[in-house]
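One structure below.
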């Protein structure tokens, strides 16, 4: 079923005199991995914050599962927030809690479960993202960068959401860990039938995981399938996908296909 | 209903229907655990009616299957078992085989042992705290002496900023507190002394009390709450943010740029604040004497200058730099003790303030004894 699980229409965001988004449209359908790309300062994070309801846009509509979240109160937003998970760029793990407690926190917030079910459900998510069980008792400060990102995903998946947001999931990882993380994203998407929205700069990551890509250029978004967006005439998109670094990767990808 | 149950004599038929997810988890788990398996030999599960099954639903189902199998019941699926069940199996399987994995139900040592252990840990931690504190004090002194020799490393701009932050901006609150305290002393003592007909001594009480003790002590306590906490929080969040590591990596001594400017800044600011507190305290006393006791201002001044000896003012003021040192060192030390979590930051800030106030009062008591022995 190809109806949009996430829809942004005519989004306008402004900081003082600076216009960040000017009529941005975006659509994400079920079961796809949607990549958001854009230059530094193009407003990727602001877009994510608008979608998550962390920031009220000046104009425009953000619909998650058909409901316009810009018009809802905090109480009305709660059931919607149950349905999506977010993994922030730096993990944003609660530093005073262990990995297990970090993953349990959303569950405790929404449901009243017995201790044992809580522990096992959280452990299930920790194992699912490829972490060893003994990571559960550790504190965020004791984890490596790659593990922090995985815990962030485990916490985002705690409530079995249908929609997962990832903010620069492979930034700060070495190429091998980044590739492993992309594998994880694909594995989770397939196994859990997730819809994934991913902000990223990493070309390798885009080619490995995304079905469709939205590029923020000139305060709007151009989105299309991966094969077609690379042919888009916009100079920035051309520079992004056909720059020095991209060419080798693109040749490799087309070879494989 | 998400679960349809029908029983024949030995067989239990379960029809799963609708959505099995986190939202339904509580009722699902309750229904599954409520199923009575007594006398049942076979369980047949039909999963075709499921519209959605996510991991938590699959986990609840797995719990039930395991319970049934544990009771010697054969569990079969009509058609193939749902994929999600297999995913949960696969995900959890290596966990069970993994050696050294912490099982949540491991029984800890008994309460007596734990209590002893806690006392031991606390004692060791307290001992280490003393050693660390001494090491900190030593390093701060060495850095300060080295800085005094090389004026550039004294960071005068930074010192000035801290004088402003801890001194100038604290003036209104210090003045207000000093005023109120002197009014309270004057008022309380006036009530008592008037009965004896010696209400002139109110002036003695106010001037000596404010100049020797209360001016400097209250100012220090306010500053400990205001700036001691700010020092600990600033340095602590810089530690969390790896800014302190960045300084060290650049070859900059964090003691030189973080600790010494704060210590020097507060050592300059606190005596100045004390003078302000003294001034306002004395004028507060004068005001109250004028309106409550109808004592003309000239009489208040004459009496006040008779009451104080040449040392009274200095006895109070000399304590200020010492208190400032204690407050600044406690704040900076605890800020640097923050290592990994924001919870620790809160704890260290609290300890910094409590310790600063404690040290100030302790030092004040020592000063009192010292001045008594010196007859001043």
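Chains as they are written, first to last, in my numbering: chain F, 5 to 261; chain P, 184 to 559. No residue lacks a Cβ here, since even glycine has one placed at the ideal position from N, Cα and C.
With a cut-off of 8 angstroms, does the C-beta of residue 132 (chain F) fall near any C-beta of chain P? In the first chain, residue 132 (chain F) corresponds to position 128, counting from 1. Answer yes: the Cβ-Cβ gap between residue 132 (chain F) and chain P drops below 8 angstroms somewhere.
Buried or exposed: where does residue 246 (chain F) fall if 16 or more other Cβ atoms within 10 Å of its Cβ makes it buried? The residue you call residue 246 (chain F) lines up with position 242 of the first chain. Counting of Cβ neighbours within 10 angstroms places residue 246 (chain F) among the exposed residues, the total staying below 16.
So which residues of chain F does residue 274 (chain P) contact, with C-beta pairs closer than 7 angstroms? If you number the second chain from 1, residue 274 (chain P) lands on position 91. Here the neighbours are 128, 131, 132.
Buried or exposed for residue 4 (chain F), going by 16 or more other Cβ atoms inside 10 Å? The structure shown does not extend to residue 4 (chain F), since chain F spans only 5 to 261, so no value can be given for it.
Can you give me, in chain order, the residues of the region 137 to 168 of chain F that have a beta carbon less than 9 angstroms from any beta carbon in chain B? Included in the structure are the protein chains F and P, with no chain B among them.
Using a Cβ-Cβ cut-off of 6 angstroms (strictly less than) and excluding sequence neighbours within five positions of residue 327 (chain P), which residues of its own chain qualify? Taking the second chain and counting its residues from 1, the one referred to as residue 327 (chain P) is at position 144. Its chain contains 443 as the residues whose beta carbon lies nearer than 6 angstroms to that of residue 327 (chain P), once the 5 sequence neighbours on both sides are disregarded; these appear in chain order.
Assign residue 462 (chain P) to one of three DSSP states: helix, strand, or coil. Within the second chain, residue 462 (chain P) is the residue found at index 279, counting from 1. Shown here, residue 462 (chain P) sits in a helix according to DSSP, grouped into three states.
List, in chain order, every chain F residue whose beta-carbon is nearer than 9 angstroms to that of residue 497 (chain P). Here residue 497 (chain P) is taken as the residue at index 314 of the second chain, counted from 1. Close to residue 497 (chain P), with beta-carbon spacing below 9 angstroms, lies no residue of chain F; the smallest spacing is near 47 angstroms.
So the candidates are F:244, F:216, F:224, F:231; which of them puts its Cα closest to the Cα of residue 35 (chain F)? Position 31 of the first chain, counted from the start, is the residue given in the question as residue 35 (chain F). Considering only alpha carbons, the answer is F:216.
In the region 198 to 225 of chain P, which residues sit with their C-beta less than 9 angstroms from some C-beta in chain F, listed in chain order? Taking 9 angstroms as the Cβ-Cβ cut-off against chain F, the residues of the region 198 to 225 of chain P that qualify are 204, 205, 206, 208, 209, 212.
Assuming residue 118 (chain F) and residue 162 (chain F) make a contact with CB atoms under 8 angstroms, what is their CB distance in whole Å? On the first chain, position 114 is the one that residue 118 (chain F) refers to. On the first chain, position 158 is the one that residue 162 (chain F) refers to. Between residue 118 (chain F) and residue 162 (chain F) a beta carbon distance of about 16 angstroms is seen, past the 8 angstroms cut, so the two are scored as non-contacting.
Note down, in chain order, each residue of its chain lying with its Cβ closer than 6 angstroms to the Cβ of residue 531 (chain P), except the 5 sequence neighbours on either side. Here the question's residue 531 (chain P) lines up with position 348 in the second chain. Excluding residues up to 5 positions away in sequence, 415, 419, 517, 520, 521 lie with their Cβ nearer than 6 angstroms to the Cβ of residue 531 (chain P) in the same chain.
List, in order along the chain, the chain F residues whose C-beta lies closer than 7 angstroms to that of residue 271 (chain P)? Here residue 271 (chain P) is taken as the residue at index 88 of the second chain, counted from 1. Under the 7 angstroms cutoff, chain F gives 128.
Three-state secondary structure (DSSP) at residue 425 (chain P)? For this step, residue 425 (chain P) is matched to residue 242 along the second chain. The answer is coil: DSSP assigns residue 425 (chain P) none of H, G, I, E or B.
For the region 267 to 336 of chain P, list the alpha helix (DSSP H) runs that are entirely contained and at least 4 residues long, ordered along the chain. Correct list: 294 to 332.
What are the boundary residues of the beta strand (DSSP E) that residue 221 (chain F) is part of? Along the first chain, read from residue 1 onward, the residue named residue 221 (chain F) stands at position 217. For residue 221 (chain F), the enclosing beta strand (DSSP E) begins and ends at 216 to 221.
Any C-beta of chain P under 8 angstroms from that of residue 196 (chain F): On the first chain, residue 196 (chain F) is found 192 positions in, with the first residue counted as 1. Look at residue 196 (chain F): its C-beta is under 8 angstroms from a C-beta on chain P.
Using a cut-off of 7 angstroms between C-beta atoms, extract the partners of residue 121 (chain F) located in chain P. Walking along the first chain from the start, residue 121 (chain F) turns up at place 117. Those within 7 angstroms of residue 121 (chain F) in chain P are 212.
Relative to chain P, which residues along the region 74 to 96 of chain F have a C-beta separation below 8 angstroms, given in chain order? If the cut-off is 8 angstroms between Cβ atoms, the region 74 to 96 of chain F has 86 near chain P.
Across the region 253 to 272 of chain P and the region 216 to 229 of chain P, are there enough close Cβ pairs to call them in contact, namely three or more that are closer than 8 angstroms? With a cut-off of 8 angstroms, the region 216 to 229 of chain P and the region 253 to 272 of chain P count as touching, because enough Cβ pairs lie within range.
Within 8 angstroms of any Cβ in chain F, is that where the Cβ of residue 283 (chain P) sits? Translated into positions along the second chain, residue 283 (chain P) becomes position 100. Note on residue 283 (chain P): pLDDT 45, under 50, position unreliable in the model; the coordinate value appears next. At least one chain F Cβ lies under 8 angstroms of residue 283 (chain P).
Would a C-beta distance cut-off of 8 angstroms place residue 219 (chain F) and residue 200 (chain F) closer than the cut-off? Start at 1 with the first residue of the first chain, and residue 219 (chain F) comes out as number 215. Start at 1 with the first residue of the first chain, and residue 200 (chain F) comes out as number 196. Not in contact: residue 219 (chain F) and residue 200 (chain F) (Cβ atoms no closer than 8 angstroms).
Taking all protein chains shown into account, do 16 or more other C-beta atoms lie within 10 angstroms of the C-beta of residue 55 (chain F), making it buried, or fewer, making it exposed? Residue numbering aside, residue 55 (chain F) sits at position 51 when the first chain is read from its first letter. Buried, because 16 or more other Cβ atoms sit within 10 Å of the Cβ of residue 55 (chain F).
Residue closest to residue 514 (chain P), alpha-carbon to alpha-carbon, out of P:349, P:301, P:210: The count along the second chain starts at 1 and reaches residue 514 (chain P) at position 331. It is P:349.
Beta carbon of residue 53 (chain F), beta carbon of residue 74 (chain F): below 8 angstroms? Looking up residue 53 (chain F) in the first chain gives position 49. Looking up residue 74 (chain F) in the first chain gives position 70. No, these two residues do not count as a Cβ contact at 8 angstroms.
Rounded separation between residue 341 (chain P) and residue 508 (chain P) - CA only: Here residue 341 (chain P) refers to the residue found at position 158 when the second chain is read from its first residue. Here residue 508 (chain P) refers to the residue found at position 325 when the second chain is read from its first residue. The alpha-carbon separation between residue 341 (chain P) and residue 508 (chain P) amounts to approximately 17 angstroms.
Expressed to the nearest angstrom, what Euclidean distance is found between the alpha-carbon atoms of residue 285 (chain P) and residue 293 (chain P)? The residue given as residue 285 (chain P) occupies position 102 in the second chain. The residue given as residue 293 (chain P) occupies position 110 in the second chain. A caution first: residue 285 (chain P) carries a pLDDT of 47, below 50, which makes its placement in the model unreliable, though a value can still be read off. Their Cα atoms are separated by approximately 18 angstroms.
Between which residues of its own chain and residue 192 (chain F) is the CB-CB distance below 7 angstroms, once the five residues before and five after are set aside? Your numbering for residue 192 (chain F) matches position 188 in the first chain. Within the same chain, Cβ atoms closer than 7 angstroms to the Cβ of residue 192 (chain F) are found at 198, the five residues on either side in sequence being excluded.
Mind checking if residue 175 (chain F) is an interface residue toward chain P, Cβ cutoff 8 angstroms exclusive? The residue labelled residue 175 (chain F) in the question sits at position 171 within the first chain. By this cut-off, residue 175 (chain F) is not an interface position.
Which class does residue 544 (chain P) belong to by DSSP, given the choice of helix, strand or coil? One-based indexing of the second chain puts residue 544 (chain P) at position 361. Residue 544 (chain P): helix per DSSP, three-state reduction.
Please list, in chain order, all residues of the same chain as residue 404 (chain P) whose beta carbon is under 7 angstroms from its beta carbon, the five residues on each side excluded. Position 221 of the second chain, counting from 1, holds the residue named residue 404 (chain P). Here the set comprises 540, 543.
Can you check whether the C-beta of residue 44 (chain F) is within less than 8 angstroms of a C-beta belonging to chain P? Your numbering for residue 44 (chain F) matches position 40 in the first chain. Taking Cβ atoms only, chain P never reaches closer than 8 angstroms to residue 44 (chain F), which makes this a no.
Beta-carbon spacing of residue 600 (chain P), residue 267 (chain P) below 8 angstroms: Residue 600 (chain P) lies beyond the residue range present for chain P, which begins at 184 and ends at 559; the question has no answer from this structure.
What does residue 19 (chain F) pair with, by DSSP beta-bridge criteria? Within the first chain, the letter at position 15 stands for residue 19 (chain F). In DSSP, residue 19 (chain F) forms a bridge with F:22.
Just verifying my parser: in three-state terms, what is the DSSP assignment at residue 525 (chain P)? Along the second chain, read from residue 1 onward, the residue named residue 525 (chain P) stands at position 342. Note: residue 525 (chain P) maps to helix in three-state DSSP.
Where in the region 352 to 400 of chain P do unbroken runs of the beta strand (DSSP E), each at least 3 residues long, occur, reported from the N-terminal end onward? With a minimum length of 3 residues, no continuous beta strand (DSSP E) run stays inside the region 352 to 400 of chain P.
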